[in-house]
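Protein chains: 2
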Amino acid sequence: MGRIVKKFGGSSVGSTKKILQVAKRILAEKQPEDQIVMVVSAMGDTTDELIALAKELTPAPYQYPREMDMLLSTGEQVSIALLTMAFRTLGHPAISLTGALAGMKTNSVHTKGKILDIEPQRVLEELEKGNIVVVAGFQGADALGDPVTLGRGGSDTSAVALAGALKADSCEIFTDVDGIYSADPRVAPDARRMQEITYDEMLEMARLGAGVMQLRSVEMGKRFHIPIHVRSTFTTQSGTMIREAYTMEEKEFVIRGVAHDDKVAKIAVLGVPNHPGIAHSIFSALAQAHVDVDMIVQSIRNIEKNVTDMVFTIASDDLVVAKPIVDQVANDLNAIAVLIEEDVAKVSIVGAGMLGSPGIASRMFGALAEAGVNIDVISTSEISVSCLIKADKIKTAVNAIHAEFFPSKPAA
Amino acid sequence: MGRIVKKFGGSSVGSTKKILQVAKRILAEKQPEDQIVMVVSAMGDTTDELIALAKELTPAPYQYPREMDMLLSTGEQVSIALLTMAFRTLGHPAISLTGALAGMKTNSVHTKGKILDIEPQRVLEELEKGNIVVVAGFQGADALGDPVTLGRGGSDTSAVALAGALKADSCEIFTDVDGIYSADPRVAPDARRMQEITYDEMLEMARLGAGVMQLRSVEMGKRFHIPIHVRSTFTTQSGTMIREAYTMEEKEFVIRGVAHDDKVAKIAVLGVPNHPGIAHSIFSALAQAHVDVDMIVQSIRNIEKNVTDMVFTIASDDLVVAKPIVDQVANDLNAIAVLIEEDVAKVSIVGAGMLGSPGIASRMFGALAEAGVNIDVISTSEISVSCLIKADKIKTAVNAIHAEFFPSKPAA
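What follows is the structure in structure tokens.
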């Protein structure tokens, strides 16, 4: 027997027909003694439709975040009621619980809530009665009992956090891909599905651009030691297990994957007088505006005049906020110029194994050189190496690096 | 200043345009010191659409009443969020509260819940902050916190009960008619709007077929001494005030109104041996099946054989349940025959004043005789007289009686 939390996203429950399919599949896979908790999102386009309704009243409905949560939290409430009815029409006892009823306690930051605590007594009681418990993802309630939604990727986070609070054996995230790949299969056709990946590697992959899992849910899994099984809604085969450490000897490859991110912008502040505190001047101003800075390189421009260049990257979405701030600071610092490049992208390799394997980075650089890809900026972490390159070379780069580290034909 | 609960039904909030109209109207009428609580239903057809979704899963979704409540309670949650946004876009502070957050405590009879208690602290706190408080009608939560809907007419009941708990000055029910009329204006064109009516008269009118207000909400108003103002969504003129006693001297008319009900069926059990307990045999079997029996007449068929006829009426909707029960009991009692008539209707006069005015009933019978309407069965209460007649005579009957008791031209 196992206690398993299973999360299905909005597209998996986009119609009553799909809802019935999900219920049938779960019952077909369920062992008699299994305790199943379902975490589901709002049906298909429901959230967008509700937002459109609110926009008929005001062009900027998110200026009323509490009311948006009151509105949007109905989306999951509809899907949990319908999925529960589906289980019951198929003959299995089931009960629906909103985030609040499932004990998801959040802060009061409406539309971007964080889970503070989970009090899962009701869920446990309903499991003990033999119910499949169907919980609304993406939502909880604050100290007043008001509904609060969790923001982007919130349903995954709900599922993993609930699995932690229930001391579940695992949390299964059903999605439209069948696992975590060694590179984005849309870019690298030879990418192979991994059977396992560690939390740290997955976090690094996600941070570096791999889109399957949200950072927060992986962090939650790591914190509560919940193995996360990322698998397909459409097939019954197993996908990728994200866990603390490998259970299998998978020493074949020293890196776990190639990540890439093309939503990057590069900013260069040129000719800054090199006195203490210049890095602080620039980056504290950006931090105050909630702009995350990624790769940073400081290089000497003119050693006699003690003048330096400061180069860094940010998410391209943040450029509109960052540009006036950087311009102002550059002006204050008497810099020569600010250059911005938007046609850049970042390619990275990730793997805990690289700690014990020297020469990994140089193999990456070699593969890029051989493919004719110029490297602009390099940064490294304990378990990753990243290179900034021209955006139009990203497909070439990902495939060259993937071929270097995953030379055989895909096994999956 | 006044503390006023205002209830708007689903058709009044059927679109964001109508929601905005409601908000504008409320703000235009509001005095600076007024404390306003809005109670609203689900938008237009929302409830029907949600029921249709559930029916895609099962032909009989109400077999899962708890899940239907989980599903249907989202309807009002959407409308309270949108109406609150409308108030805020118009510049007035407002906050939405579900039934649960407004402290509506119900029993656990899902889809037909009853309000057990109201704990209105949150509503009072939000009023003190200067908010218009927008509460979801038709719903509350049971001891577990699970959503429970109140069944037919539930929004009116929510509004009046909440007004009672808040010790409000009045409860305004906005509807598609502009008040309570002396007869149904669709049947009797000379019907006039009443300025006032007592709770007891309104209860009797509702019991006898007048459709504007649900019995439960009037009972609630009577219990908590809350004046209920029934008025039009579409105009700003005042409608009819339902209260304990008249504030004005309205002695002009001895009766308050003519009610009629054409959803009536007559059942006659003929030739029953007249021994003690036969009434009990028939009516206890019907009571067990939740069939309400209205007019009852027992008459001697054959005094020598001591054989009697038992005639009574029920709501025609109950006929499908009642018929096999009556047939069985008639068979057990050795009755001669069971006759059922569906082409019958009931016309009634209501007025507290008739207690002190003899001859009222005979004036009614006279008016019917003059109009050529035959009376089949008569029943009376302290403040009403009802006659069962042929259904095709109902319009003639209502108008004849109305002309007898309200002879002048309508003043409204």
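In order, the protein sequence lines correspond to chains A and B.
For the first sequence, the numbering used here gives the first residue as 1, with consecutive numbering after it.
For the second sequence, the numbering used here gives the first residue as 413, with consecutive numbering after it.
For each residue, glycine too, the CB sits at the ideal point set by N, CA and C.
Quick caveat, the model's predicted, so the values are computed rather than measured.
Query                                                                                                                                                                      : Result
Should B/K436 be labelled buried (16 or more other beta-carbon atoms within 10 Å of its own) or exposed?                                                                   : exposed
Taking only the alpha-carbon atoms, compute the straight-line gap between A/S357 and A/P276 and give it to the nearest angstrom.                                           : 36 Å
Excluding the 5 residues preceding and the 5 following B/Y593 in the sequence, name in chain order all residues of the same chain whose CB lies nearer than 6 Å to its CB. : A603 and R605
Just the Cα atoms here: how many angstroms apart are B/A823 and B/Q607?                                                                                                    : With a pLDDT of only 48 at B/A823, under 50, the local geometry of the prediction cannot be trusted, and the value read off the model is given with reservation. Each residue's alpha carbon lies about 11 Å from the other.
Closest Cβ-Cβ distance between A/V148 and chain B: below 8 Å?                                                                                                              : no
Suppose contacts are defined by Cβ-Cβ distances below 8 Å. Is A/L270 in contact with A/R301 by that definition?                                                            : yes
Quick check: B/G414 and B/M455, are their CB atoms within less than 8 Å of each other?                                                                                     : no
Which residue from A/A163, A/I115, A/L97 and A/S155 puts its Cα closest to that of A/N131?                                                                                 : A/L97
Can you tell me which residues form a DSSP beta bridge with A/A279?                                                                                                        : Looking at the DSSP assignment, A/A279 forms no beta bridge with any residue, so it has no partner.
Residues in the region 435 to 469 of chain B with C-beta within 8 Å of chain A's C-beta atoms, listed in sequence order?                                                   : L462, L465, A466, E468 and L469
Compute the Euclidean distance between the alpha carbons of B/A773 and B/G515, then round it to the nearest angstrom.                                                      : 47 Å
Please confirm if A/I80 has its CB atom under 8 Å from at least one CB of chain B.                                                                                         : yes
Just the Cα atoms here: how many angstroms apart are A/T380 and A/M205?                                                                                                    : 13 Å
Are the C-beta atoms of B/T486 and some chain A residue less than 8 Å apart?                                                                                               : yes
Would you say A/M70 faces chain B, with C-beta separation under 8 Å as the test?                                                                                           : yes
Based on Cα-Cα distance, which residue from B/G763, B/N786, B/Y611 and B/S567 lies nearest to B/G423?                                                                      : Note on identity: in this sequence residue 423 of chain B is Ser, with Gly being the wrong assignment. Of the candidates B/G763, B/N786, B/Y611 and B/S567, the one whose C-alpha sits nearest the C-alpha of B/S423 is B/S567.
Does B/Q489 come within less than 8 Å of chain A when only Cβ atoms are used?                                                                                              : yes
Check whether the Cβ of A/K112 lies closer than 7 Å to any heavy atom of the ligand GTP, and answer yes or no.                                                             : Annotation note on the ligand GTP: not contained in the displayed structure, which lists no ligands.
Which residues in chain A have a C-beta closer than 7 Å to the C-beta of B/P473? List them in chain order.                                                                 : M85
So, for A/S348: in the same chain, excluding its five sequence neighbours on each side, which residues have a beta-carbon less than 6 Å away from its beta-carbon?         : L208, A259, S384 and S386
Name, please, each residue of chain B whose Cβ falls closer than 7 Å to the Cβ of A/Y64.                                                                                   : M497 and R500
Beta-carbon of B/L513 versus every beta-carbon of chain A: anything under 8 Å?                                                                                             : yes
The beta strand (DSSP E) that contains B/H672, what's its start and end?                                                                                                   : G669 to P685
What residue from B/G511, B/R598, B/L432 and B/D673 has the CA that sits closest to B/V589's CA?                                                                           : B/R598
DSSP state of A/H92, grouped into three classes?                                                                                                                           : coil
Only counting the same chain, and skipping five residues up and downstream in sequence, which positions put a Cβ closer than 7 Å to that of A/H92?                         : L27 and I132
Is the Cβ of B/T523 closer than 8 Å to any Cβ of chain A?                                                                                                                  : no
Output the boundary residues of the alpha helix (DSSP H) element that contains A/P147.                                                                                     : First-last for A/P147: P147 to T149, but that is the beta strand (DSSP E), not the alpha helix (DSSP H).
Starting from B/K735 and walking both ways along the alpha helix (DSSP H), at which residues does that stretch end?                                                        : L731 to D744
Go ahead and pull the three-state DSSP assignment for A/K7.                                                                                                                : strand
Using the rule of at least 16 other Cβ atoms within 10 Å of the residue's Cβ for burial, across every protein chain shown, is B/D755 buried or exposed?                    : exposed
Check the Cβ of B/T428 against every Cβ in chain A and list those closer than 7 Å, keeping chain order.                                                                    : L53, E56 and L57
Could you check whether the Cβ of B/G542 sits closer than 8 Å to any Cβ belonging to chain A?                                                                              : no
If I measure Cβ to Cβ from B/G831 and keep anything under 8 Å in the same chain, skipping five residues before and after, which residues do I get?                         : Residue 831 of chain B lies beyond the range of chain B shown here (413 to 824); nothing can be said about it.
In whole angstroms, what is the alpha-carbon distance linking B/Q649 and B/E445?                                                                                           : 21 Å
For a contact defined as C-beta to C-beta under 7 Å, what are the partners of A/L20 on chain B?                                                                            : L469
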